[in-house]
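Residue numbers (the UniProt record's numbering): 1 to 397. Ideal Cβ positions, reconstructed from N, Cα and C, are used throughout, including at glycine.
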């Protein structure tokens with residue numbers, strides 16, 4: 001489908017989904033965003049759903065301003081994917097050992113490594129800028145400085161919620177590795193600190209929703225936020241890079257006889273800010289639950305722990321600010337999913353997948369998410385499909 005345009009206070013709301021299928025709370029959030037004095041455009045992806053301040057699945061283009069709550073608290077959250085030379089013939093009959101080895105190598109939930117993972121231990125891993133990156137920690141907000149040790153030990157870890165590591169087949173039978181994670185606790189604490197600062201600024205006192213508080217250009221508060229935001233986005237990218245290296249290590253050891261070869265990594269943020277230019281105007285584009293899908297750019301759009309995921313190539317649709325959805329998107333809250341479904345439902349919906357099947361991940365059940373194939377159908381003018389993947393191992397945080 002192409003987009004549906006709804007009226008907004010300052011800009012139209014372009015929606016790549018049927019507005020009738022979007023919950024009223026999310027629609028109101030979109031109307032609220034469209035009232036911001038600095039807004040220049042708003043594109044809504046088909047995975048849209050209610051979030052804090054701004055909906056998940058929204059692309060907000062502003063001039064001279066940025067809204068930290070519209071980035072989300074998991075700054076730089078995103079996906080990485082790698083195609084391997086392995087096929088189904090290389091797999092053992094029992095996949096539980098493989099899942100256990102992954103869980104041993106990569107801490108999940110609130111876990112961390114006993115000591116920081118040194119990127120130099122991985123042959124060929126791009127480590128340029130690593131020392132400079134950690135050196136710049138001295139310049140982030142004083143409120144999080146005491147988290148340095150924890151940030152070091154959480155680098156290369158998964159986290160919880162909807163974060164995961166997966167092994168999947170494509171339609172040709174090749175095995176892929178994908179993972180989903182962000183800037184861990186340090187990103188969350190930086191986001192919460194800056195959201196608190198923004199909410200106290202005078203220019204934000206008349207907003208319809210205090211969670212839409214912004215920083216404006218040429219102020220010390222904006223300079224401080226941009227510094228910390230871009231540092232956290234870099235942390236998230238390094239975090240995924242290290243996890244992928246650890247995951248490849250496990251695969252090499254478990255499939256030693258097959259001597260797996262790995263293709264170049266595809267990686268994309270889906271909670272972040274980028275400086276981009278549209279119609280001759282420099283804008284700050286915030287993607288919260290959306291990936292960049294510029295012409296020819298590769299991206300990853302996952303479903304859930306029991307459904308398909310997609311490797312895509314962007315079509316460069318300027319009306320969507322070169323964006324696409326970040327996944328299927330939730331169709332119910334975590335609490336609603338826990339009330340609605342049982343562990344038996346989880347077992348049925350993840351049949352054939354080696355993964356956790358207990359009450360601790362019930363809120364991540366596939367039934368709590370929108371239909372990924374329908375979501376993909378709604379954004380045919382945003383991306384083209386390169387590969388359709390189906391998982392056979394899933395490690396949840």
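{"Query": "Residue 335 versus residue 361 - alpha carbon distance", "Result": "12 Å"}
{"Query": "Given residue 102 as reference, the closest of 63, 158, 55 and 66 once Cα atoms are compared", "Result": "158"}
{"Query": "Counted within 10 angstroms of its Cβ, other Cβ atoms place residue 89 as buried (16 or more) or exposed", "Result": "exposed"}
{"Query": "Three-pair Cβ contact test at 8 Å for the region 354 to 373 versus the region 305 to 314", "Result": "yes"}
{"Query": "6 Å CB neighbourhood of residue 108 in its chain, flanking five on each side removed", "Result": "158 and 397"}
{"Query": "Whole-angstrom C-beta distance between residue 16 and residue 45, which should lie under 8 Å", "Result": "6 Å"}
{"Query": "Candidates 81, 393, 379 and 161: closest to residue 241 by CA position", "Result": "81"}
{"Query": "Element boundaries [alpha helix (DSSP H), containing residue 227]", "Result": "220 to 254"}
{"Query": "Cα-Cα separation, residue 387 to residue 270", "Result": "19 Å"}
{"Query": "7 Å CB neighbourhood of residue 231 in its chain, flanking five on each side removed", "Result": "136 and 140"}
{"Query": "Within 7 Å, strictly: CB atoms of residue 8 and residue 43", "Result": "no"}
{"Query": "Continuous alpha helix (DSSP H) stretch holding residue 379: start and end", "Result": "Neither: residue 379 is in no alpha helix (DSSP H) and is coded neither H nor E."}
{"Query": "Beta-carbon spacing of residue 83, residue 176 below 7 Å", "Result": "yes"}
{"Query": "Extent of the continuous beta strand (DSSP E) run through residue 427", "Result": "Because the chain here runs from 1 to 397, residue 427 falls outside it and cannot be looked at."}
{"Query": "7 Å Cβ cutoff met for residue 53 and residue 69", "Result": "yes"}
{"Query": "Nearest neighbour of residue 389, chosen from 292, 87, 110 and 287 [CA to CA]", "Result": "87"}
{"Query": "Classification of residue 183 by the beta-carbon crowding that lies within 10 angstroms, buried from 16 upward", "Result": "buried"}
{"Query": "For residue 352 and residue 111, the rounded distance between their alpha carbons", "Result": "27 Å"}
{"Query": "Residue 391 - containing beta strand (DSSP E), residue span", "Result": "383 to 396"}
{"Query": "Touch test, the region 273 to 289 against the region 311 to 329, Cβ-Cβ under 8 Å, three pairs minimum", "Result": "yes"}
{"Query": "Whole-angstrom distance between residue 125 and residue 119, CA atom to CA atom", "Result": "7 Å"}
{"Query": "Limits of the unbroken beta strand (DSSP E) element including residue 272", "Result": "271 to 278"}
{"Query": "Alpha carbon of residue 39 to alpha carbon of residue 79, nearest angstrom", "Result": "28 Å"}
{"Query": "DSSP-derived helix/strand/coil call for residue 72", "Result": "coil"}
{"Query": "Between the CA atoms of residue 59 and residue 10 - distance to the nearest angstrom", "Result": "15 Å"}
{"Query": "Distance between residue 355 and residue 99 (C-alpha atoms, nearest Å)", "Result": "8 Å"}
{"Query": "Beta-carbon contacts of residue 71 that lie in its chain and below 8 Å, excluding the five residues immediately before and after", "Result": "191, 229, 271, 272, 273, 286 and 288"}
{"Query": "Beta-carbon proximity of residue 290 to residue 326, cut-off 7 Å", "Result": "yes"}
{"Query": "Distance, residue 18 Cα to residue 95 Cα", "Result": "40 Å"}
{"Query": "Contact check, residue 204 vs residue 213, beta carbons under 7 Å", "Result": "yes"}
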